Structure formats: C-alpha cells, structure tokens
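A short worksheet on the structure shown next.
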Amino acid sequence: MNQNNADIFKIQSNDIVPSQGKILISEPFLCDAMFGRSVVLLIDHSDDGSMGLVLNKRHPLLLNELIQEFKYLDDIPLYRGGPVAEDTLFFLHNIQEIPDSLQVDRNLYLNGDFTYIKRHILQNHDAINNIRFFVGYSGWQEQQLKQEIEENTWIVGKEDYSKLLEMEADSMWQNVLSMQGDKYYTWSRFPQVPMMN
8 MNQNNADIFK IQSNDIVPSQ GKILISEPFL CDAMFGRSVV LLIDHSDDGS
58 MGLVLNKRHP LLLNELIQEF KYLDDIPLYR GGPVAEDTLF FLHNIQEIPD
108 SLQVDRNLYL NGDFTYIKRH ILQNHDAINN IRFFVGYSGW QEQQLKQEIE
158 ENTWIVGKED YSKLLEMEAD SMWQNVLSMQ GDKYYTWSRF PQVPMMN
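For the sequence shown, my numbering assigns the number 8 to the initial residue and increments by one for each residue that follows.
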C-alpha cells in the first residue's frame, strides 16, 4: 500500500472553523453512547464556550407522551440533544414567523413561543415536518471544543445544512460525512467497531 492510500485511513479533521449554524460530525470510531456517530448543530459558539444539539439520536419517549395536547396526534419523535439539562425541551424549526425564536442559520431557528408552536401543530399536522424536538443539549467549556477538534474527534461540516430537519436520523451521520469529500466518504463506510466487520 503506498502512502497516498494509507492516508485515506488516517483519522484527521478538516480545517473549517466552527461557528454558529455549522455542524460537527463525530469521527467514525468514537465509542460513546451519546456522541458516537453523531451530528451536532452548533447553536452558539464563542471564546467562552459552545452549545449544540445532537440531531440524530432518538429518545425512547415520544413527544406525544410529554405534551397532553398531542396525545391523539401521529407519533412525534423526540431526540436526545445532549447530556446537559435533560429535563428541558428544545425545538429546532424553519418557521420564521414564530415569535421569540433565535435564528441559528439562514433557515433554522431555535425555540420560540411554545403556545404558538402547539397551536401551529394542532392546526396543521404537516407542520411537524418542519420541527424537531429535543431534551437536553450538548455543551463545551472555554477551549474544550477547540481541543477536541485538534484531537480529531470532530469534523466541522462545510455544506449548507438548511435541509437538516428533512434528513432521516438513522442515516444522517453517514450522509453528511460522505458529503465532505472522498476521504470522508470512505470513513462513512467504516464499521464503528472494526472487529465487527
């Protein structure tokens, strides 16, 4: 095997700087229940620390079990946003008119008036395709994320991810990683535990 072929298997992050609205894609061999094969949307990133939501880890409960008004609607999935504040509900959406929302990216917003959201879903059941609900979030202290990126734990996504809410959770990690280029496409096909191949 020549050096160029060997480099394909070298775990190495890219040089993209993290910022609000970018995603973090975990390296393929990270064995962690929360962050292994995860895709994290950065909600906030500064010198003081970072906050994000894991987008592709299903929670065993449904939102219908937590919100009485949704009891008789079709199943609404709930996701584990991270290990911090797991008793707090967050929601990402692309509905610009929701009052008090925080714009995360060009067409992605965090939270907002929850009464408005509930009414919106009850009046238009298809609206759930534009919203993803999470319990908990992921947090990094000052310099912690920078260090993890330098240790090649994360790849910072370089694409426009305005369509994230439309992606299936089960295939999201593989899909967004393969979009980063040839080497990352190869990584996306690696088994998480090589001995299991």
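Glycine residues also receive a C-beta, built at the ideal position from the N, C-alpha and C atoms.
Bear in mind the structure is a predicted one, so any value in this text is a computation, not a measurement.
### Own chain, CB closer than 6 angstroms to Glu93, minus 5 neighbours either side, in chain order
Taking the sequence shown and counting its residues from 1, one reaches residue 93 at position 86. Val142, Gly143, listed in sequence order.
### Task
List the DSSP bridge partners of Gln148.
Start at 1 with the first residue of the sequence shown, and residue 148 comes out as number 141. The partner list for Gln148 (beta bridge, DSSP) reads Gly56.
### Query
The alpha helix (DSSP H) spanning Tyr116 covers which residue range?
By 1-based counting over the sequence shown, the position of residue 116 is 109. Taken as a continuous stretch (DSSP letters only), Tyr116 belongs to no alpha helix (DSSP H), being part of the beta strand (DSSP E) at 115–117.
### Query
Ile30 to His127, Cα distance in whole Å?
The residue you call residue 30 lines up with position 23 of the sequence shown. The residue you call residue 127 lines up with position 120 of the sequence shown. Near 27 angstroms, if we compare the C-alpha coordinates of His127 and Ile30.
### Query
Which one or two residues does DSSP pair with Asp22 in a beta bridge?
Indexing the sequence shown from 1 puts residue 22 at position 15. Beta-bridge pairing links Asp22 to no other residue.
### Message
For Gln110, report the span of its beta strand (DSSP E) as first-last.
### Response
On the sequence shown, position 103 is the one that residue 110 refers to. Taken as a continuous stretch (DSSP letters only), the beta strand (DSSP E) holding Gln110 covers 109–112.
### Task
Quick one: give me the first and last residue of the beta strand (DSSP E) that Thr122 is part of.
For the purposes of this step, residue 122 is identified with residue 115 of the sequence shown, where counting begins at 1. Counting along the chain, Thr122 falls outside any beta strand (DSSP E), though it belongs to the alpha helix (DSSP H) covering 121–130.
### Query
What's the call for His52, buried or exposed, on a 16-neighbour Cβ count within 10 Å?
Position 45 of the sequence shown, counted from the first residue, corresponds to residue 52. So His52 ends up on the buried side.
### Task
Would you kindly report the start and end of the unbroken alpha helix (DSSP H) that includes Tyr6?
Lying outside 8 to 204, the shown extent of the chain, residue 6 is not represented and no answer is given.
### Message
So, under 8 angstroms CB-CB, Gly43 and Ser33 are touching, yes? Tell me the CB distance rounded to an integer number of Å.
### Response
Taking the sequence shown and counting its residues from 1, one reaches residue 43 at position 36. Taking the sequence shown and counting its residues from 1, one reaches residue 33 at position 26. With 8 angstroms as the limit, Gly43 and Ser33 qualify as a contact, their Cβ atoms being about 6 angstroms apart.
### Task
Kindly indicate which three-state DSSP category Asp177 falls into: helix, strand or coil?
Translated into the one-based positions of the sequence shown, residue 177 becomes position 170. Three-state DSSP puts Asp177 in a helix.
### Task
Kindly indicate which three-state DSSP category Leu172 falls into: helix, strand or coil?
Along the sequence shown, read from residue 1 onward, the residue named residue 172 stands at position 165. In this structure, Leu172 counts as helix in the three-state DSSP scheme.
### Query
Using a Cβ-Cβ distance under 9 angstroms, would Leu117 count as near chain C?
Going by chain labels, chain C is absent from the structure shown, which holds only one protein chain.
### Task
Could you work out which residue in Ser145, Trp161, Gln154 is closest to Lys64 when comparing CA atoms only?
On the sequence shown, position 57 is the one that residue 64 refers to. Of the candidates Ser145, Trp161, Gln154, the one whose C-alpha sits nearest the C-alpha of Lys64 is Ser145.
### Task
Would you decide whether Gly59 is buried or exposed? Buried here means 16 or more other CB atoms lie within 10 Å of its CB.
Locating residue 59 in the sequence shown gives position 52, counting from the first residue. Gly59 is buried by the Cβ-count criterion.
### Message
By DSSP's criteria, Leu70 is part of a beta bridge. Which residues make up the other side?
### Response
Position 63 of the sequence shown, counted from the start, is the residue given in the question as residue 70. Answer is none; Leu70 lacks a bridge partner.
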